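Last residue of the sequence shown: 423 (the numbering used here), numbering continuous.
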Amino acid sequence: MTDKQDRLFARNRAMTSGFRFDEEVVKVFPDMIARSVPGYELIVPMIGLLARRYAQPDSVIYDLGCSLGAASLAMSLAVKASGARIVAV
Numbered sequence: 335m336t337d338k339q340d341r342l343f344a345r346n347r348a349m350t351s352g353f354r355f356d357e358e359v360v361k362v363f364p365d366m367i368a369r370s371v372p373g374y375e376l377i378v379p380m381i382g383l384l385a386r387r388y389a390q391p392d393s394v395i396y397d398l399g400c401s402l403g404a405a406s407l408a409m410s411l412a413v414k415a416s417g418a419r420i421v422a423v
């Protein structure tokens, strides 16, 4: 991960195109997502707690749109159910 601050759209551009997940975005994405998703720092650990609460033995838990994998990691650290698997897409 990187500590770079997202300033991609702070500067004037001659022509603004649609959002693209390119190399520039990758460099600042951790900062971008933390600022763009209200409560992100609270939501991620809560996902882990919910997964721990509801996962049963041999559960398959899906993280659709896993982005940085933060929720997948939180779930993998929290889930104690034997044989539970996490599929991150």
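Built from N, CA and C at the ideal position, the CB exists for glycine as well. This one's a predicted model, so the numbers in the text were calculated from it and none came from an experiment.
Kindly confirm or deny that the stretch 410 to 420 and the stretch 386 to 398 touch, where touching means at least three C-beta pairs closer than 8 Å.
Enough Cβ pairs lie closer than 8 Å, so yes.
From 360, 401, 385, 359, residue whose alpha carbon lies closest to that of residue 412:
Closest option to residue 412, Cα to Cα, is 385.
Tell me which residue opens and which closes the alpha helix (DSSP H) that residue 365 is part of.
Looking at the DSSP string, the run of the alpha helix (DSSP H) that includes residue 365 is 357 to 370.
Note down the Cα distance separating residue 396 from residue 354, rounded to an integer number of angstroms.
Computed Cα separation, rounded: 25 Å.
Whole-number beta carbon distance between residue 408 and residue 382, since they are thought to touch under 8 Å
That pair is a contact at about 3 Å.
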